[in-house]
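Following: one structure in structure tokens, then a few remarks.
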Amino acid sequence: MYKKILAAVNEFSNSEIAARYALTLAKSAHAKLFLVFVAEEKIDRDRLRHAESALERLFIDARNNGIDVESITECGDPVNKINELVEEHGIDIVFTATRREDVKKRFFVRTIARQLMMKLPCSVAMVRVVKMGGIHLNNILVPVRDRISDLEERAYFVAKLAEVSDSSVTLFHLRKPITSFFRGEIHLTPFQREKQIPEDVEEFRTYLKKYKIPYERKTGLGSVSRAITIEAAHRRNDLIVMGASDRSLLSSIVKGNPVENVLRETPCNMIIFRAKKS
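Numbering-wise, the sequence shown is residues 679 to 956 according to this note's numbering.
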């Protein structure tokens, strides 16, 4: 599914870590990796040196892992240049990182990450880095709702990340509580909850079985963001992968969304995945 992967690298260390997820995916999918740094106007020498050093480290690591890799340095507007490279090389997915200053304000509002999420025609994986260092994936937490947009590609994305590290996956089904006018919230037994698992969640499990990825399924209630962050902290997950596949979700992120709350509060690294635009 992925033949060409692009990692956007800049002078910040979190972009290098985000690029290592791209490297991991490229290794698993046997894809070509493009490492791209776009120098904005009047960048100072220290920042340029940091970015070039990151490109060199990533390039060497990719080569050592047997990955077909190409390093590209451009000047200009990062969003426009990356979009041009996506078109020129037929890129399937772009990895980008939130910047440090993004944490201090509303995510996606007037940021490069938001522009890439909204504008690129290919799939996009935006990485929120919490823990510095190498990529260690023992268990990936995947929150899912009743309807999963672009289910096949999202399952492939998760499976390929898990495959190279022999990781397990936890499908965390978030459902609204069932309520009665007279009795309030109704608490279901485990057997009753099992019968109410939506078809899309079951199909996600089918794909994980196809790729031979070990998994478990859990259910959560209450506030979406709180349920996810508590689950991730309790299980000490290494990565959360949340979907942002449709336009309604992307537009609602700007106004406030559980995804934004999880981005702020996540106890581990996190990827917001948006599938290729149809």
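From the three backbone atoms N, C-alpha and C, an ideal C-beta is built for every residue, glycine too.
Nothing here was measured: the structure is a model prediction, and the numbers come from that model.
| Asked | Found |
| --- | --- |
| Under the three-state DSSP convention, the category A686 falls into | strand |
| Cβ-Cβ separation, P756 to A685 (assumed contact under 8 Å), whole Å | About 13 Å; that fails the 8 Å criterion. |
| The region 808-819 in contact with the region 843-850 per 3-pair CB rule at 8 Å | yes |
| Whole runs of the beta strand (DSSP E) within the region 710-796, excluding any shorter than 3 residues | 710-717, 747-753 and 771-775 |
| Terminal residues of the beta strand (DSSP E) in which T897 lies | Y893 to G898 |
| Beta-bridge pairing of M810 - partner residues as DSSP gives them | For M810, which the question treats as bridged, DSSP gives no partner whatsoever. |
| T848 - DSSP class collapsed to helix/strand/coil | strand |
| Cβ neighbour criterion (16 or more within 10 Å) applied to S801 | buried |
| Proximity winner among F715, D828 and C753, relative to E881 (alpha-carbon distances) | D828 |
| Beta-bridge pairing of R952 - partner residues as DSSP gives them | V802 |
| Selection from I683, E718 and F690 that minimises the alpha carbon distance to L701 | I683 |
| Buried or exposed by the 16-neighbour rule on C-beta atoms within 10 Å, applied to C753 | exposed |
| Given 8 Å, three or more beta-carbon pairs between the region 884-903 and the region 791-809 | no |
| Status (buried if at least 16 other CB within 10 Å, exposed otherwise) for K890 | exposed |
| Close-in-space but distant-in-sequence residues of the same chain around V764 (CB under 8 Å, 5 per side omitted) | L684, V772, L798, P799 and C800 |
| L941 beta carbon less than 8 Å from that of F806 | Here residue 806 turns out to be Arg, not Phe, going by the sequence shown. Yes, the pair counts as a contact, with Cβ atoms nearer than the cut-off. |
| Where N939 sits in the DSSP three-state scheme | helix |
| DSSP-derived helix/strand/coil call for L917 | strand |
| For E938 and K903, the rounded distance between their alpha carbons | Note that residue 903 is Ser in the sequence shown, not Lys. Between S903 and E938, the C-alpha separation is close to 8 Å. |
| Chain-order list of residues whose beta-carbon lies under 7 Å from that of N761 (same chain, five-residue window excluded) | K797 and L798 |
| Integer-rounded CB distance, given that N688 should sit under 8 Å from F715 | 6 Å |
| Candidates Y680, I826 and E841: closest to M920 by CA position | I826 |
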